[in-house]
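First the structure, in the form of C-alpha coordinates, and then the observations on it.
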Amino acid sequence: MTNSPISIRAENLTQRFRVIHERPDTVRELFAKFLRKPVNYHDFEAVSNASFTVRNGEMVGLIGRNGSGKSTLLKIIAGVYRPTSGTVHVEGKVAPLIELGAGMHPELTGRENILLNGLLMGYSKKEMTEREQRVIDFADIGDFINAPVKQYSSGMYLRLAFSVATEVDPDVLIIDEILAVGDFEFQQKCHERMKGFKAAGKTILMVTHSVDQVAKFCDRAILLDKGKILYSGDPGRAVDLYLGEAHAVNEPVLVEAPSVHA
(Lines of atoms letter the chains of each structure in order from A and count residues from 1; the text may use other names and numbers.)
(Lines give C-alpha, C1' and ligand atoms only; values in the text may rest on other atoms or scores of the structure.)
Protein backbone atom coordinates (compact mmCIF):
# COMPACT_ATOMS: atom_id res chain seq x y z
CA MET A 1 0.00 0.00 0.00
CA THR A 2 2.84 2.41 0.71
CA ASN A 3 3.69 2.42 -3.01
CA SER A 4 0.09 2.85 -4.18
CA PRO A 5 -0.79 5.95 -6.20
CA ILE A 6 -1.98 8.99 -4.27
CA SER A 7 -5.72 9.61 -4.56
CA ILE A 8 -5.96 12.72 -2.32
CA ARG A 9 -3.26 15.35 -1.98
CA ALA A 10 -3.90 18.36 0.26
CA GLU A 11 -1.27 21.07 0.55
CA ASN A 12 -1.37 23.94 3.04
CA LEU A 13 -5.16 24.02 3.19
CA THR A 14 -6.68 26.92 5.11
CA GLN A 15 -10.40 27.60 5.40
CA ARG A 16 -11.27 30.94 6.94
CA PHE A 17 -14.78 32.06 7.87
CA ARG A 18 -15.94 35.55 8.78
CA VAL A 19 -17.82 35.65 12.08
CA ILE A 20 -20.06 38.72 12.41
CA HIS A 21 -20.69 39.78 16.00
CA GLU A 22 -23.54 42.13 15.23
CA ARG A 23 -26.19 40.89 12.82
CA PRO A 24 -28.71 43.46 11.47
CA ASP A 25 -32.34 42.37 11.38
CA THR A 26 -33.16 43.96 8.03
CA VAL A 27 -31.40 44.92 4.80
CA ARG A 28 -32.04 48.58 5.65
CA GLU A 29 -30.24 48.19 8.99
CA LEU A 30 -27.38 46.44 7.23
CA PHE A 31 -26.81 49.36 4.84
CA ALA A 32 -27.31 51.93 7.60
CA LYS A 33 -24.70 50.30 9.80
CA PHE A 34 -22.38 49.84 6.85
CA LEU A 35 -22.51 53.58 6.13
CA ARG A 36 -22.06 54.60 9.77
CA LYS A 37 -19.27 52.28 10.86
CA PRO A 38 -17.41 49.09 9.86
CA VAL A 39 -19.20 45.82 10.60
CA ASN A 40 -17.86 44.21 13.77
CA TYR A 41 -16.40 40.81 12.85
CA HIS A 42 -13.41 38.54 13.21
CA ASP A 43 -11.94 35.86 10.97
CA PHE A 44 -12.02 32.28 12.22
CA GLU A 45 -9.76 29.58 10.75
CA ALA A 46 -11.68 26.31 10.77
CA VAL A 47 -8.75 24.60 9.00
CA SER A 48 -5.23 25.95 9.28
CA ASN A 49 -2.37 25.05 6.94
CA ALA A 50 -3.26 21.35 6.70
CA SER A 51 -1.20 19.09 4.44
CA PHE A 52 -1.57 15.33 3.96
CA THR A 53 -1.93 12.60 1.36
CA VAL A 54 -4.16 9.54 1.11
CA ARG A 55 -3.30 6.62 -1.13
CA ASN A 56 -5.49 4.26 -3.12
CA GLY A 57 -6.84 1.50 -0.92
CA GLU A 58 -6.37 3.42 2.33
CA MET A 59 -9.09 3.97 4.87
CA VAL A 60 -8.22 7.07 6.87
CA GLY A 61 -10.13 8.34 9.89
CA LEU A 62 -10.30 11.99 10.92
CA ILE A 63 -10.69 12.40 14.66
CA GLY A 64 -10.75 15.29 17.10
CA ARG A 65 -13.04 17.24 19.38
CA ASN A 66 -16.12 19.04 18.07
CA GLY A 67 -15.04 22.17 16.24
CA SER A 68 -11.58 20.83 15.38
CA GLY A 69 -12.17 21.23 11.63
CA LYS A 70 -12.91 17.63 10.61
CA SER A 71 -16.14 18.24 8.72
CA THR A 72 -14.84 21.42 7.14
CA LEU A 73 -11.83 19.53 5.83
CA LEU A 74 -14.09 16.85 4.32
CA LYS A 75 -16.19 19.52 2.62
CA ILE A 76 -13.11 21.07 1.07
CA ILE A 77 -12.05 17.68 -0.31
CA ALA A 78 -15.59 16.99 -1.56
CA GLY A 79 -15.65 20.36 -3.35
CA VAL A 80 -18.39 21.88 -1.18
CA TYR A 81 -16.02 24.62 0.00
CA ARG A 82 -13.32 26.37 -1.97
CA PRO A 83 -10.37 26.78 0.40
CA THR A 84 -9.26 30.26 1.38
CA SER A 85 -5.73 29.21 0.51
CA GLY A 86 -3.87 26.03 -0.37
CA THR A 87 -4.71 23.31 -2.87
CA VAL A 88 -6.38 19.92 -2.91
CA HIS A 89 -6.34 17.36 -5.71
CA VAL A 90 -8.59 14.30 -5.75
CA GLU A 91 -8.08 11.57 -8.32
CA GLY A 92 -11.23 9.94 -9.70
CA LYS A 93 -14.92 10.07 -8.86
CA VAL A 94 -15.93 11.17 -5.37
CA ALA A 95 -19.06 10.04 -3.52
CA PRO A 96 -19.56 12.30 -0.46
CA LEU A 97 -21.83 11.31 2.43
CA ILE A 98 -21.39 14.49 4.40
CA GLU A 99 -24.80 15.54 5.67
CA LEU A 100 -27.87 13.42 6.21
CA GLY A 101 -30.20 13.95 3.27
CA ALA A 102 -27.69 15.93 1.21
CA GLY A 103 -28.08 15.22 -2.48
CA MET A 104 -31.64 13.96 -2.01
CA HIS A 105 -34.60 15.91 -3.36
CA PRO A 106 -37.27 15.77 -0.63
CA GLU A 107 -40.22 15.86 -3.05
CA LEU A 108 -38.94 12.96 -5.18
CA THR A 109 -39.36 9.31 -4.27
CA GLY A 110 -36.45 7.13 -3.23
CA ARG A 111 -36.52 5.44 -6.62
CA GLU A 112 -36.41 8.80 -8.41
CA ASN A 113 -33.55 9.96 -6.20
CA ILE A 114 -31.52 6.91 -7.16
CA LEU A 115 -31.73 8.00 -10.79
CA LEU A 116 -31.09 11.67 -9.93
CA ASN A 117 -27.95 10.90 -7.91
CA GLY A 118 -26.63 8.61 -10.63
CA LEU A 119 -27.11 11.27 -13.30
CA LEU A 120 -25.32 13.81 -11.10
CA MET A 121 -22.42 11.36 -10.81
CA GLY A 122 -22.19 11.17 -14.61
CA TYR A 123 -23.98 7.88 -15.23
CA SER A 124 -26.62 7.42 -17.92
CA LYS A 125 -30.25 6.57 -17.23
CA LYS A 126 -29.63 3.08 -18.65
CA GLU A 127 -26.64 2.52 -16.32
CA MET A 128 -28.63 3.61 -13.27
CA THR A 129 -31.60 1.47 -14.26
CA GLU A 130 -29.24 -1.52 -14.25
CA ARG A 131 -27.99 -0.58 -10.77
CA GLU A 132 -31.37 0.39 -9.32
CA GLN A 133 -32.42 -2.99 -7.93
CA ARG A 134 -29.05 -3.54 -6.24
CA VAL A 135 -29.41 -0.16 -4.53
CA ILE A 136 -32.94 -1.00 -3.41
CA ASP A 137 -31.92 -4.43 -2.09
CA PHE A 138 -29.04 -3.02 -0.06
CA ALA A 139 -31.08 -0.11 1.34
CA ASP A 140 -33.87 -2.51 2.39
CA ILE A 141 -36.48 0.17 3.13
CA GLY A 142 -39.43 -1.76 1.69
CA ASP A 143 -42.31 0.10 0.07
CA PHE A 144 -40.86 3.45 1.19
CA ILE A 145 -38.68 3.32 -1.92
CA ASN A 146 -41.75 4.63 -3.77
CA ALA A 147 -42.53 7.35 -1.21
CA PRO A 148 -41.13 10.92 -1.21
CA VAL A 149 -37.92 10.99 0.82
CA LYS A 150 -39.32 13.87 2.94
CA GLN A 151 -41.32 11.12 4.65
CA TYR A 152 -38.20 9.12 5.53
CA SER A 153 -36.75 8.66 8.97
CA SER A 154 -33.07 9.46 9.52
CA GLY A 155 -32.26 5.76 9.26
CA MET A 156 -34.03 5.46 5.90
CA TYR A 157 -32.18 8.50 4.56
CA LEU A 158 -28.91 6.89 5.59
CA ARG A 159 -29.72 3.53 4.07
CA LEU A 160 -30.64 4.99 0.70
CA ALA A 161 -27.78 7.52 0.59
CA PHE A 162 -25.12 4.95 1.48
CA SER A 163 -26.57 2.42 -0.96
CA VAL A 164 -26.51 4.90 -3.84
CA ALA A 165 -23.05 6.29 -3.00
CA THR A 166 -21.44 2.86 -2.87
CA GLU A 167 -23.30 1.35 -5.82
CA VAL A 168 -22.12 4.06 -8.26
CA ASP A 169 -18.61 2.68 -7.74
CA PRO A 170 -16.71 5.83 -6.68
CA ASP A 171 -12.93 6.00 -6.47
CA VAL A 172 -13.12 7.99 -3.22
CA LEU A 173 -15.81 7.59 -0.57
CA ILE A 174 -16.13 10.44 1.95
CA ILE A 175 -18.19 9.81 5.09
CA ASP A 176 -18.98 12.28 7.86
CA GLU A 177 -20.28 10.49 10.95
CA ILE A 178 -23.66 9.66 9.44
CA LEU A 179 -23.16 5.90 9.86
CA ALA A 180 -23.84 6.51 13.55
CA VAL A 181 -27.50 7.01 12.59
CA GLY A 182 -28.00 3.46 11.33
CA ASP A 183 -28.90 0.45 13.41
CA PHE A 184 -26.30 -2.18 14.31
CA GLU A 185 -27.24 -4.58 11.52
CA PHE A 186 -27.01 -1.91 8.83
CA GLN A 187 -23.71 -0.61 10.23
CA GLN A 188 -22.30 -4.12 9.87
CA LYS A 189 -23.47 -4.23 6.24
CA CYS A 190 -21.80 -0.87 5.63
CA HIS A 191 -18.51 -2.00 7.17
CA GLU A 192 -18.51 -5.15 5.05
CA ARG A 193 -19.07 -3.10 1.92
CA MET A 194 -16.28 -0.70 2.89
CA LYS A 195 -13.94 -3.66 3.35
CA GLY A 196 -14.78 -4.66 -0.20
CA PHE A 197 -14.02 -1.11 -1.35
CA LYS A 198 -10.61 -1.22 0.30
CA ALA A 199 -9.84 -4.58 -1.26
CA ALA A 200 -10.70 -3.12 -4.68
CA GLY A 201 -8.21 -0.27 -4.16
CA LYS A 202 -10.80 2.41 -3.34
CA THR A 203 -10.05 5.24 -0.94
CA ILE A 204 -12.19 5.93 2.14
CA LEU A 205 -11.94 9.08 4.21
CA MET A 206 -14.21 9.26 7.22
CA VAL A 207 -14.97 11.46 10.21
CA THR A 208 -16.05 9.58 13.31
CA HIS A 209 -16.18 9.97 17.06
CA SER A 210 -16.04 6.20 17.46
CA VAL A 211 -12.43 5.51 18.44
CA ASP A 212 -13.23 1.79 18.30
CA GLN A 213 -14.06 2.08 14.59
CA VAL A 214 -10.85 4.01 13.95
CA ALA A 215 -8.69 1.44 15.70
CA LYS A 216 -10.50 -1.52 14.12
CA PHE A 217 -11.03 -0.43 10.51
CA CYS A 218 -8.67 2.42 9.61
CA ASP A 219 -5.18 2.03 8.16
CA ARG A 220 -4.27 5.50 9.38
CA ALA A 221 -5.78 8.29 11.45
CA ILE A 222 -5.38 12.06 11.38
CA LEU A 223 -5.86 13.92 14.66
CA LEU A 224 -7.07 17.52 14.36
CA ASP A 225 -7.23 20.23 16.99
CA LYS A 226 -8.39 23.80 16.35
CA GLY A 227 -8.02 23.27 12.62
CA LYS A 228 -4.44 21.98 12.76
CA ILE A 229 -3.09 18.48 12.21
CA LEU A 230 -1.50 17.28 15.44
CA TYR A 231 -0.70 13.77 14.29
CA SER A 232 -1.06 11.56 11.21
CA GLY A 233 -0.14 7.91 11.41
CA ASP A 234 -0.92 4.76 13.37
CA PRO A 235 -4.62 4.67 14.35
CA GLY A 236 -3.93 3.34 17.84
CA ARG A 237 -1.41 6.09 18.53
CA ALA A 238 -3.81 8.71 17.21
CA VAL A 239 -6.58 7.40 19.46
CA ASP A 240 -4.27 7.44 22.50
CA LEU A 241 -3.37 11.05 21.80
CA TYR A 242 -7.01 11.95 21.29
CA LEU A 243 -7.97 10.40 24.60
CA GLY A 244 -5.09 12.14 26.33
CA GLU A 245 -3.28 8.94 27.32
CA ALA A 246 0.02 10.13 25.88
CA HIS A 247 0.08 13.81 26.92
CA ALA A 248 -1.62 14.91 23.70
CA VAL A 249 -1.41 18.59 24.58
CA ASN A 250 2.39 18.55 24.48
CA GLU A 251 2.76 16.11 21.62
CA PRO A 252 4.92 17.46 18.75
CA VAL A 253 3.26 17.89 15.38
CA LEU A 254 3.81 14.97 13.01
CA VAL A 255 2.42 15.75 9.58
CA GLU A 256 2.81 12.27 8.11
CA ALA A 257 3.90 8.92 9.46
CA PRO A 258 7.18 7.81 7.83
CA SER A 259 5.66 4.56 6.55
CA VAL A 260 3.15 6.43 4.41
CA HIS A 261 5.80 7.64 1.97
CA ALA A 262 8.13 4.67 2.20
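Going by numbering that gives the first Met the number 0, 138 is the number at position 139 of the sequence shown; the sequence numbering is gapless. For glycine and all other residues, C-beta sits at the position ideal for the given N, C-alpha and C.
- Only residues of its own chain outside the window of five on either side were considered, and among them 166 have a CB closer than 6 Å to the CB of residue 133, listed in chain order.
- Residue nearest to residue 238 within the set 67, 50, 60 is 60 (criterion: CA-CA distance).
- Restricting attention to 204, 240, 127, 235, the CA atom closest to the CA of residue 70 is found in 204.
- Nearest in C-alpha terms to residue 206, of all of 92, 188, 56, 96, is 96.
- Looking from the CA of residue 18, the closest CA among 11, 43, 188 belongs to 43.
- Residue 113 places its beta carbon 8 Å or farther from that of residue 14.
- Bridge partners of residue 58 according to DSSP: 203.
- Counting only runs that start and end inside the stretch 150-225, the alpha helix (DSSP H) elements of at least 4 residues fall at 153-166, 183-198, 210-216.
- With a cutoff of 8 Å on beta-carbon distance, residue 216 and residue 190 are scored as near each other.
- Note on geometry: alpha-carbon atoms of residue 144 and residue 232 lie some 41 Å from one another.
- For residue 136, the closest alpha carbon among the candidates 163, 175, 174, 120 is that of 163.
- In the pairwise beta carbon analysis, the stretch 44-63 is classified as not touching the stretch 116-135: fewer than three pairs are separated by under 8 Å.
- In the DSSP annotation of this structure, the continuous segment of the alpha helix (DSSP H) that includes residue 135 starts and ends at 124-138.
- Shown here, residue 79 sits in coil according to DSSP, grouped into three states, outside any helix or strand.
- With a cut-off of 8 Å on Cβ pairs, the stretch 77-97 is in contact with the stretch 1-11, counting three or more such pairs.
- Linking residue 111 to residue 199 through their CA atoms gives a straight-line distance of about 29 Å.
- Sequence-distant Cβ neighbours of residue 41 in its own chain, meaning closer than 6 Å and more than five residues away, are 18.
- Taking every protein chain shown into account, the CB of residue 3 has fewer than 16 other CB atoms within 10 angstroms, so this residue is exposed.
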